[in-house]
Ligand code: A2P
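Put into structure tokens, the structure is as follows:
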């Protein structure tokens, strides 16, 4: 299996990252240190996870040089107004204690009004290009090495990339798991040289138990003498995506980094099982944000 993917910038992004969403204060630092010791060189974070200080501290404590670790952060919905983008990034840089990050994503294709945490800004939501241009400037300033998006569906990707972009989105980070494997988006991404990153790859805390108990997953685990989590994480990399398993349990952090190529027949079986049931999204904040549409609907 590939250990890295090459982005349009030429940078190589490690295929397996530690995800730190819902990794709380007092535990995320240990998880990061355990991960770096186990060989991870990619931490996927965001401003809104409220743990960037502890992540940065753990990275410095680990002794692993900054330039050997891939750091991702994300621009929160409140800061899409062009004049708010650079200050938002600066805050993340300052918290992480670094001069640059490797990847900066627009966290959601949803802009909130300035200073608000739930009031939709319809204009900046319909047209993310002014926000994107600011991300492009951050690349030119050297504060960010690569830029991308998160939670964009195909129409929203088309809408953004219809503009005369200086840098195209290098990645789209989306929910991908057994329950919601999004084969059409994956196909579209491959055709358009866009790398997908799988968040909640195990089904998040809501569905992880069910995922790891699936008979087809358990059967592969037994056949290959690996764990169910390793089957799922390997499957993601074999599909050609970055995978971002979250854990704050040291033994699981170590376990999740061991990916192996599944024999084609077993991979195909799992792919077929995942894509044969009606897709069911595990996470969707549209209701809690009172959006007048579903953020993932094609006409959203
Ligand atoms: P914890 O962090 O307490 O170890 P996802 O990556 O899909 O978002 O899933 C994260 C959830 O899965 C968390 O509840 C995490 O628990 C749990 N988890 C992560 N890795 C494993 C594993 N190898 N085995 C069992 N549960 C896991």
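In the UniProt record's numbering, the protein residues as written are 35 to 334. Each residue gets a CB set at the ideal place from its N, CA and C atoms; glycine is no exception.
*Would residue 106 pass as a contact of residue 78 if the rule is Cβ separation under 9 Å?*
yes
*Considering only C-alpha positions, which residue in the set 236, 179, 46, 285 is nearest to residue 214?*
236
*Pull up the CB-CB distance for residue 137 and residue 205, whole angstroms please, since I reckon it's below 8 Å.*
7 Å
*Is the closest heavy atom of the ligand GTP to the C-beta of residue 289 under 8 Å?*
In terms of ligand content, the structure shown lacks the ligand GTP and carries the ligand A2P instead.
*Residues bridged to residue 232 [DSSP beta-bridge criterion]*: 208, 277
*Does the distance from the CB of residue 53 to the CB of residue 85 come in under 9 Å?*
no
*Pull up the CB-CB distance for residue 186 and residue 143, whole angstroms please, since I reckon it's below 8 Å.*
5 Å
_Beta-carbon proximity of residue 273 to residue 219, cut-off 9 Å_ = no
*Evaluate residue 283 with the Cβ neighbour count: other Cβ atoms within 10 Å of its Cβ, from every protein chain shown; 16 or more gives buried, anything less gives exposed.*
exposed
*Are there three or more Cβ pairs, one per stretch, closer than 8 Å when the stretch 146-159 is compared with the stretch 181-198?*
no
*Given 8 Å, three or more beta-carbon pairs between the stretch 223-237 and the stretch 155-173*: no
*Would DSSP call residue 90 helix, strand or coil?*
helix
_For the ligand A2P, I want to know if residue 215 counts as a neighbour, meaning its beta carbon is within less than 8 Å of at least one of the ligand's heavy atoms._
no
_Where the alpha helix (DSSP H) through residue 165 begins and ends_ = 163-174
*For the ligand A2P, is there a heavy atom less than 8 Å away from the beta-carbon of residue 211?*
yes
*Under a three-way DSSP split, which group does residue 283 fall into?*
coil
*Distance, residue 38 Cα to residue 268 Cα*: 13 Å
*Check: residue 282 C-beta below 8 Å from any heavy atom of the ligand A2P*: yes
*DSSP bridge partner residues for residue 97 (one or two, in chain order)*: Paired residues: none, contrary to the question.
_Inter-residue Cα distance where the pair is residue 60 and residue 120_ = 28 Å
_Through-space distance from residue 330 to residue 156, alpha-carbon basis_ = 16 Å
*asked:* Buried or exposed for residue 94, going by 16 or more other Cβ atoms inside 10 Å?
replied: exposed
*Where residue 189 and residue 201 are concerned, what is the direct C-alpha to C-alpha distance, given to the nearest angstrom?*
19 Å
*With respect to the alpha helix (DSSP H) encompassing residue 222, which residues constitute its N-terminal and C-terminal limits?*
217-225
*Beta-carbon separation (whole angstroms), residue 212 vs residue 254, contact threshold 8 Å*: No, residue 212 and residue 254 are not in contact; Cβ-Cβ is about 12 Å, not under 8 Å.
*asked:* Do residue 134 and residue 28 count as a contact pair if the criterion is CB distance below 9 Å?
replied: In this structure the chain extends from 35 to 334, so residue 28 is not present and cannot be described.
*Taking the beta strand (DSSP E) that residue 106 falls in, what are its first and last residues?*
104-109
*Can you tell me which of 276, 326, 63, 309 puts its alpha carbon nearest to the alpha carbon of residue 335?*
Missing from the structure shown is residue 335; the chain here goes from 35 to 334 and no further.
_Buried or exposed (CB count within 10 angstroms, at least 16 for buried), residue 97_ = exposed
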